[in-house]
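A.B. asks:
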Amino acid sequence: MSTDNPTPAPALAQLRQEIDRIDEAMHRLLMERGTIIDRLISVKKTSESGSAFRPGREASMMRALAERHKGLLPLDTVESIWRVIIATFTYVQAPYAVHADISGGDAPMRDSARFHFGFTVPYLSHPSAAAVIETVASSRGDLGIFRIDQGASSGAWWRALADKDRPKIIARLPFIERPDHPAGTPVYVISKPLTDAAVRDVVLYAAQFERWHKDVTGALAGLGGEAVASAADAYGLSVLIAVPGTVEPSRLHGALTDAGASLSELVEIGSHAERFRVK
């Protein structure tokens, strides 16, 4: 018969004390993060220059979060907590609102905005992607979101982003893609052009074709790209194209024309981080 004394199970009160200790530590760390953000504001003067949104850094942070996550707590919960922390501290640096196109329904857009930006950041709805673009264009540093799958009835909304000083696409949400994501509606995020924070894993172009050719789809696939959306107009066919950031505009233009298309315009309208998928 063994004489070893088994380790006694921790009492319920002891476990609760451990939870309280961890909760207090997390709260103190959040307050410490706020102190650092306060110092960052004085260094960067972001409160004087509009949005402090940094999509490349955020995408990198969310990817690292998903890669290291393990254990009982669902990734959905961890991602939503971090999104609220990041978006709220961004808002503290430089207040902004999120403008959403609800032409395809308010619920999925509200879910996306609240999941990715939290409840502190104001959420304002609009009847179309065009209305969101115009509102962001006239704002100081607001963001706009709209569904990627707008449908043909929305027209070539991406052409409103083509001029140099117009808003640009700066992110694609969600940063982490997986089945049954609680805010899984694919959306683009737009802002006024970012001078030092754009991430160029994927670059987006507004292309105007006088004549389309069936081989264009294959040519884009050969570059690792795709035609995201298209709409006919008085000048032919307008197409929203996404290609890897390593593809130079001249190479893209050459591939399209070599495929037999007659291309009259090719203008960059934004970029975003590569999608990160988890099972």
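Its first residue numbered -12, the sequence shown is counted upward by one per residue in this note's numbering. For each residue, glycine too, the CB sits at the ideal point set by N, CA and C. No experiment lies behind these values; they were computed from the predicted model shown.
Determine the closest residue to Ser112 out of Ser126, Arg187, Arg97 and Arg70, with distance taken between C-alpha atoms.
C.D. replies: By one-based count along the sequence shown, residue 112 stands at place 125. Among Ser126, Arg187, Arg97 and Arg70, the Cα nearest to that of Ser112 is on Arg97.
A.B. asks: When burial is assigned at 16 or more other CB atoms within 10 Å of the CB, is Arg26 buried or exposed?
C.D. replies: On the sequence shown, position 39 is the one that residue 26 refers to. Classification for Arg26: exposed.
A.B. asks: With burial defined as no fewer than 16 other Cβ atoms inside 10 Å of the residue's Cβ, what is the status of Arg134: buried or exposed?
C.D. replies: Indexing the sequence shown from 1 puts residue 134 at position 147. Under this definition Arg134 is a buried residue.
A.B. asks: Pick out the complete alpha helix (DSSP H) segments inside the segment 75 to 162, 4 residues or longer, and give them in chain order.
C.D. replies: Counting whole runs of 4 or more residues, the segment 75 to 162 contains the alpha helix (DSSP H) stretches 93 to 104 and 116 to 124.
A.B. asks: How many Å lie between Ser251 and Ala194 at the Cα?
C.D. replies: Locating residue 251 in the sequence shown gives position 264, where the first residue counts as 1. Locating residue 194 in the sequence shown gives position 207, where the first residue counts as 1. One C-alpha to the other measures close to 8 Å.
A.B. asks: In the DSSP assignment, what residue or residues form a beta bridge with Asp63?
C.D. replies: Position 76 of the sequence shown, counted from the start, is the residue given in the question as residue 63. None; Asp63 has no bridge partner.
A.B. asks: Would you call Glu269 buried or exposed, if buried means 16 or more other Cβ atoms sit within 10 Å of its Cβ?
C.D. replies: For the chain, the structure presents residues -12 to 266; residue 269 sits outside this window and is missing.
A.B. asks: When the Cα of Trp145 is compared with those of His259, Phe162 and Ala116, which residue comes out closest?
C.D. replies: Here residue 145 is taken as the residue at index 158 of the sequence shown, counted from 1. Nearest option by C-alpha distance: Ala116.
A.B. asks: Smallest Cα separation from Pro114: which of Val108, Ile228, Asp93 and Ala100?
C.D. replies: Working through the sequence shown from its first residue, we reach residue 114 at position 127. Taking only the C-alpha atoms, the option nearest Pro114 is Asp93.
A.B. asks: Look up Leu210 in the DSSP assignment and say whether it is helix, strand or coil.
C.D. replies: By 1-based counting over the sequence shown, the position of residue 210 is 223. Leu210 falls in the coil class under three-state DSSP.
A.B. asks: Rounded to a whole number of angstroms, what is the C-alpha to C-alpha distance between Met48 and Thr107?
C.D. replies: Counting from 1 along the sequence shown, the entry for residue 48 is found at position 61. Counting from 1 along the sequence shown, the entry for residue 107 is found at position 120. For Met48 and Thr107, the distance between alpha carbons rounds to 21 Å.
A.B. asks: Just to confirm the assignment, what range does the beta strand (DSSP E) spanning Glu54 have?
C.D. replies: Residue mapping note: residue 54 aligns to position 67 of the sequence shown, counting from 1. It is not in any beta strand (DSSP E) - Glu54 instead sits in the alpha helix (DSSP H) that spans Pro42 to Arg55.
A.B. asks: Pick out whichever of Gly171, His168, Leu243 and Pro166 has its Cα sitting closest to the Cα of Lys275.
C.D. replies: The structure shown does not extend to residue 275, since the chain is modelled only from -12 to 266, so the question has no answer here.
A.B. asks: Classify Gln80 as buried or exposed, calling it buried when 16 or more other Cβ atoms lie within 10 Å of its own Cβ.
C.D. replies: Locating residue 80 in the sequence shown gives position 93, where the first residue counts as 1. The residue is buried, with at least 16 neighbouring Cβ atoms inside 10 Å.
A.B. asks: So, does the segment 224 to 240 touch the segment 250 to 266, judging by three or more C-beta pairs under 8 Å?
C.D. replies: The answer is yes - the segment 250 to 266 touches the segment 224 to 240, with three or more Cβ pairs under 8 Å.
A.B. asks: Is it true that the CB of Ala(-4) sits closer than 7 Å to the CB of Ser99?
C.D. replies: The residue you call residue 99 lines up with position 112 of the sequence shown. The residue you call residue -4 lines up with position 9 of the sequence shown. No, Cβ-Cβ distance for Ser99 and Ala(-4) is not below 7 Å.
A.B. asks: Distance check for Pro109 and Ile157, CA to CA, integer angstroms please.
C.D. replies: Here the question's residue 157 lines up with position 170 in the sequence shown. Here the question's residue 109 lines up with position 122 in the sequence shown. Distance between the alpha carbons of Ile157 and Pro109: 19 Å.
A.B. asks: When we look at the beta-carbon of Ile132 and count the other beta-carbons within 10 Å, is it buried (16 or more) or exposed?
C.D. replies: Numbered from its first residue, the sequence shown carries residue 132 at position 145. Label assigned to Ile132: buried.
A.B. asks: Taking only runs of the alpha helix (DSSP H) that begin and end inside the segment 190 to 264, which ones reach a length of at least 4 residues, in chain order?
C.D. replies: For the segment 190 to 264, whole alpha helix (DSSP H) runs of length 4 or above, ordered along the chain, are 202 to 209 and 236 to 245.
A.B. asks: Can you give me the C-alpha to C-alpha distance between Tyr175 and Leu(-1), rounded to a whole angstrom?
C.D. replies: Counting from 1 along the sequence shown, the entry for residue 175 is found at position 188. Counting from 1 along the sequence shown, the entry for residue -1 is found at position 12. Approximately 47 Å between the Cα atoms of the pair.
A.B. asks: Assuming Val174 is part of the beta strand (DSSP E), what are its boundary residues?
C.D. replies: Along the sequence shown, read from residue 1 onward, the residue named residue 174 stands at position 187. From DSSP, the beta strand (DSSP E) with Val174 extends over Val174 to Ser178.
A.B. asks: Nearest-angstrom Cα distance between Met13 and Arg101?
C.D. replies: Numbered from 1 along the sequence shown, position 26 holds the residue referred to as residue 13. Numbered from 1 along the sequence shown, position 114 holds the residue referred to as residue 101. Computed Cα separation, rounded: 22 Å.
A.B. asks: Where does the unbroken alpha helix (DSSP H) through Gly21 begin, and where does it stop?
C.D. replies: Walking along the sequence shown from the start, residue 21 turns up at place 34. That run of the alpha helix (DSSP H) goes Leu(-1) to Lys31.
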